[in-house]
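Peer 1: Dumping the structure here so I can ask a few things about it.
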Amino acid sequence: MVQVDFLTAGAVFAIILLVYHYIAKKYEYFLPKPIPCIKPSFLLGSSGPMMLRQKDIISHVQWLYNQFPDFKVAGFYDLTTPIFMLRNPDVIKKIGVKDFDYFTDHSPTMAGASEKEVNGDQLFANSLFALRGQKWRDMRATLSPAFTGSKMRHMFELVAASAKSTAEYFKAEAKAGKRLEYEMKDTLSRFSNDVIA
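Each number in the numbering used here corresponds to the 1-based position in the sequence shown with 43 added.
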């Protein structure tokens with residue numbers, strides 16, 4: 044029969060209790076703030092239905108968004124990380140335009156990727172969504188003049204026409220009974236070149 048050392052059992056119990064307290068403390072982020080929050084479940088936060096595959100990500104985010112229709116900002120937890128959900132266009136504009144210097148970095152979009160993979164020469168790793176820090180600032184400074192409101196209004200018709208012709212091409216290919224298998228990098232490069240040209 045196995046003998047249990049009370050000192051070891053007490054130490055294990057104390058460690059489990061400390062870990063529980065540490066994780067539970069993370070779920071108190073929104074309590075002192077005047078921001079409504081969905082009550083989180085332990086370890087899963089507000090992501091329980093999505094993590095347990097009861098809801099897909101789109102319907103889960105829509106459900107989270109609809110929980111507090113009368114508030115400009117609401118809170119939820121992605122596992123143990125507190126997340127602010129902005130619901131008011133004025134708040135979004137203030138953060139996205141006026142205060143963008145304070146909100147340059149965001150959660151990595153390539154979860155689980157190594158630092159080498161994220162900073163490498165991958166196509167997505169060099170997009171504006173995946174960049175962080177000074178690289179993001181430099182790329183934003185380069186791209187911002189090309190995407191002002193007036194330039195976007197002028198470009199919209201060109202982009203819409205290119206998208207329509209690309210969609211018609213795919214429809215014609217599908218009607219012809221051809222097997223639809225494409226290299227997306229090549230296809231999107233052609234589409235981008237068509238829009239730019």
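Ideal placement from N, C-alpha and C gives every residue a C-beta, glycine not left out.
Where do the ends of the beta strand (DSSP E) carrying G220 lie?
Peer 2: Note, G220: premise wrong, no beta strand (DSSP E); not H, not E.
Peer 1: Does P132 pass the burial test, meaning 16 or more other C-beta atoms within 10 Å, or should it be called exposed?
Peer 2: With fewer than 16 Cβ atoms within 10 Å of its Cβ, P132 is classed as exposed.
Peer 1: Which stretch, first to last residue, makes up the beta strand (DSSP E) that contains D121?
Peer 2: Taken as a continuous stretch (DSSP letters only), the beta strand (DSSP E) holding D121 covers 116-121.
Peer 1: On the three-state DSSP scale, how would you describe V185?
Peer 2: Looking at the sequence shown, residue 185 is not Val but Thr. Helix.
Peer 1: Can you tell me the Cα-Cα spacing of M182 and V140, whole angstroms?
Peer 2: Computed Cα separation, rounded: 16 Å.
Peer 1: Count the other C-beta atoms from every protein chain shown that fall within 10 angstroms of the C-beta of L61, then say buried if there are 16 or more, exposed otherwise.
Peer 2: Result: exposed.
Peer 1: Looking at S90 and L122, is the spacing between their C-beta atoms short of 9 Å?
Peer 2: Yes; because the gap between Cβ atoms is below 9 Å, this pair is in contact.
Peer 1: Using only alpha-carbon positions, find the residue among I239, I81, Y225, L186 that is nearest to N109.
Peer 2: Closest option to N109, Cα to Cα, is I81.
Peer 1: Reducing DSSP to helix, strand and coil, say where I81 ends up.
Peer 2: Three-state result, I81: coil.
Peer 1: What residue from R222, M227, P79, F199 has the CA that sits closest to I264's CA?
Peer 2: The chain is shown only over 44 to 240; residue 264 falls outside these bounds and no answer can be derived.
Peer 1: Among residues of its own chain, excluding the 5 on either side of S84, which ones have a beta-carbon nearer than 8 Å to its beta-carbon?
Peer 2: So the list reads G91, once near-sequence residues are dropped.
Peer 1: Compute the beta-carbon to beta-carbon distance between P77 and A117, rounded to the nearest angstrom, for a pair I have assumed lies under 8 Å.
Peer 2: Not a contact, Cβ separation roughly 11 Å.
Peer 1: By DSSP, does F73 sit in helix, in strand, or in coil?
Peer 2: Coil, per DSSP.
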